[in-house]
Structure formats: structure tokens, C-alpha cells
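Its first residue numbered 1, the sequence shown is counted upward by one per residue in full-length UniProt numbering.
These notes concern the structure reproduced below.
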Amino acid sequence: MRIYAGVDGGGTKTQLMMVDADSAQGVTLSGPPANPNTVGWQRAVETVLELLQTGLREMQAAPKDLVAICAGMAGVDRPNDREQWSLALRDGFPSAAIEVVNDALPVLSAGTEGRSGVALIAGTGSIAVGEDEDGRIARAGGFGYLLGDEGSGFAIGQRGLTAAIQSCEGRGPSTQLWEAAQEAFGVSHPADLIPRVYRSPHPVSVIASFSKWVLQCAPADDVARAIIYDAIRDLSAMVDAVFAQLADRIAPNVVVSGGVLVNSPLMVDGLRRAQTNRNIVVLQRSAAAGAVFRAMKHHLDRQAGGMNWTSAVAWWRSAVDRCRHC
């Protein structure tokens, strides 16, 4: 067996996909989040290693059968972060070729099938990461809700709740958002929102959850629509910033992912209008599938003769679409 493993280590869960290059059979598993910035280094490493070991058992394979791992990890942006993860994975699987990247890059690989471009993710947070034809990487955003996350679920939800409160108190324009907040949180007065948010163990997620209500109100509500248009502008600016950093050696592909974008035609249509000179692709396969692609490419690029692009892409499509969920 020759197994490629792709890890998508996001802030809410970790997903693993493993595919055997010989049989094209594979498995997909999920586990808890593995962002060291939120769960701690030890727990993050344990989560990923345990998922890899479980995947091998499901495949009835041994560690020596794992030929390449690509781990797309949230919170991995500095060389020292990547080196720490590489060492941890190498300790567990010394015979595997290992690549550790920001979790946005497998999104790009899944959407473009290995070609260059920019991945734009807008869920609870937001980030844009690009890779050019030479493998150079650039990013914009991704600094968390205190320093950034423009255009994200949190940003939309926070502005929506503020507008709702101001409308109810008579110090802001009239908007449907107050009625939406009452329904979303089961409250009758703005002060009732305080315990809903501040006593929650996950206040950022609570606020971000209101973004879907803002999106629902936007077609018929001027205030909500202005919030959404501002979010589109902010996300488009991130994309422009990454393309500017990578200049001429990058294809005009933008792969969009994350609940705010994938579940909202309004956001995607607005982004298409803002990015008329670029190809907007809504992610269809998982980021873990994109990580499998990168693992495959990383391994084949090191072999004699390199990678036959056409046959490799065809094999990858077939293999990841046949993976069974465990």
C-alpha cells in the first residue's frame, strides 16, 4: 500500500482523508479542533496523531505504508510553527514525506486542482491566502476578531447586533434586524442580549451566528444590505491584496469557502461583481481532499520523472470522491 494523508486542522474540527495510491480506496474521519492557539500544543498534536493512527487502522495499513502527509493547520503562519508540526509528524511517521501549510492552501488545491490562485475563507473569521506558480505564498487578513476578521461571520453578526440595538433604542435607522435578534436569541429587550453573549463560553461564535439573520434580512432591509455590501468590499480587498503581493506569476482563480460565503448566493454574487476579472470558484470538495492532492503532488514531485498532471488529477478526483466516511 502507498497511502496519501490529508489533514484539515480547522478551528472547529479536524478532518482527515486517507487514500491508497494502489487501490484508490480511502477513508474520511473527523475529530476535535487542532488549533494550538485555542486548544494548546499538546492537545493539537495528540488529535492529529490519533486521527492518523485511526485512519491507518481503518485502512488496515501500517505506519510504513504512509508515504506522504499534507497537514493544513489553522494558526500555522510562521516558519517555526511549520517546523514544530513537521517534527511532531515526523516522529510519528518517519518514512512519510511531510508538508505543513496554512489551512487555506488545501482549500485552494481542492478548488483549482493544484493550480495557482487565492483561497478566500469567510466563516466565523476570515483570511485570504494565495500561492503562485513558483510556490510563493502570500496572505491578507486572518488576525482574529480583535485585530481583523473583516467580512467574516463575526464581523457581520457584530455589526448586525449593534444596528439592531441602536434601532430599538431610537439612536439608529429603522431596521428589521431588531426583530431578527429577538427571534434569534429569544429576547424582548436589548439588555437581554448581555447574558446571551457575555455569559456564553463561546461569545465569538454566538455573535457570528447572527450573520445568517443579517443575510436573510439584506434583500429587503437597507441597514442589513449595507452591512453585507461592506463585508463584500472588505473580502474583495483581501483578495486584491494577495494578488498584488504575488504579482504576475499567479492565475486569476479565487476559491471561496466558509459558511458565510458557501451558504450565501448574495455574498458570492457580490464578490463576482467586485472581482470581474477573476474566476470565482465555490469550493465543492473538502479541504481535506485538497490536502490529499498536495500530499500526492509533494510525493510525486520528488520521484524520478515527476508528476503526470493529467493522470494524477484524474486519479485524485476518482479517489477522493469514493472515500468512505468513518
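Just so you know, even glycine gets a beta-carbon here, dropped at the ideal spot from N, CA and C.
Which class does residue i belong to by DSSP, given the choice of helix, strand or coil?
i    : result
M73  : strand
S211 : helix
C326 : With a pLDDT of only 49 at C326, under 50, the local geometry of the prediction cannot be trusted, and the value read off the model is given with reservation. If DSSP states are grouped into helix, strand and coil, C326 belongs with coil.
M18  : strand
G92  : helix
I228 : helix
N263 : coil
V7   : strand
E169 : coil
L283 : coil
I98  : strand
V242 : helix
S257 : strand
V187 : coil
A251 : coil
Answer yes or no: do residue i and residue j have a C-beta to C-beta separation smaller than 8 Å?
i           : j    : result
I250        : E133 : yes
V19         : V313 : no
I69         : L89  : yes
V7          : A62  : no
A226        : C217 : no
G55         : P33  : no
L52         : A5   : yes
P252        : R278 : yes
V255        : L108 : yes
T47         : C323 : no
D248        : L177 : no
I228        : A274 : no
residue 366 : V187 : Lying before the first or after the last residue shown, residue 366 is absent from the chain, which here runs from 1 to 326.
A163        : G157 : no
S286        : Q60  : no
E150        : D240 : no
G111        : V281 : yes
M17         : G31  : no
Pick out whichever of the options has its Cα sitting closest to the Cα of residue i.
i           : options                   : result
R243        : R322, A119 and P63        : Correcting the residue type first, residue 243 is Phe in the shown sequence and not Arg. Considering only alpha carbons, the answer is A119.
G258        : G75, Q42 and S152         : S152
I98         : S318, A291 and W316       : A291
G268        : D248, M296, L215 and T310 : Residue identity differs from the one stated: residue 268 is Val in this sequence, not Gly. Answer by Cα proximity: L215.
residue 327 : V223, G170, P36 and V206  : Missing from the structure shown is residue 327; the chain here goes from 1 to 326 and no further.
A208        : G125, V7, E50 and K13     : G125
R317        : Y198, A24, Q176 and A191  : A24
V206        : D65, A181 and L49         : A181
Q166        : F154, A191 and G148       : A191
M1          : V67, Q42 and R196         : V67
F185        : R233, N308, R43 and F210  : F210
D81         : V239, A44, T276 and C323  : A44
H298        : P79, L246, S236 and G135  : G135
L146        : H202, F154 and D234       : F154
P219        : S236, A295, G270 and L161 : G270
M238        : G123, E113, R139 and M73  : R139
Q245        : E169, S174 and I137       : I137
L300        : G114, C168, T175 and G141 : G114
E179        : G170, W213, G148 and H202 : W213
On the criterion of 16 or more Cβ atoms from any shown chain inside 10 Å, does residue i qualify as buried, or is it exposed?
i           : result
D265        : First, the amino acid is wrong: residue 265 is Pro here, not Asp. The residue in question, P265, is exposed, as its Cβ has fewer than 16 Cβ neighbours within 10 Å.
P106        : buried
I194        : exposed
A128        : buried
K64         : exposed
E131        : buried
R302        : exposed
Q284        : exposed
K13         : exposed
D22         : exposed
E38         : Checking the sequence, you will find Thr at residue 38 rather than Glu. By the neighbour-count rule (16 or more Cβ atoms within 10 Å), T38 is not buried but exposed.
N42         : The residue asked about is misnamed: residue 42 is Gln in this sequence, not Asn. Exposed is the call here.
H189        : exposed
S95         : exposed
S116        : buried
R159        : buried
residue 384 : Nothing in the structure corresponds to residue 384, since the chain is present only between 1 and 326.
D103        : buried
R294        : buried
S311        : exposed
G161        : Going by the sequence as given, residue 161 is Leu instead of Gly. The residue in question, L161, is buried, as its Cβ has 16 or more Cβ neighbours within 10 Å.
Which whole runs of the beta strand (DSSP E) in the stretch 107–150 are 3 residues long or more, in chain order?
Fully enclosed beta strand (DSSP E) runs of 3 or longer: 117–122, 126–131 and 137–141.
Where are the beta strand (DSSP E) runs, 3 residues long or more, that stay fully inside the stretch 11–63, in chain order?
Taken in chain order, the whole beta strand (DSSP E) runs of length 3 or more contained in the stretch 11–63 are 14–20 and 26–31.
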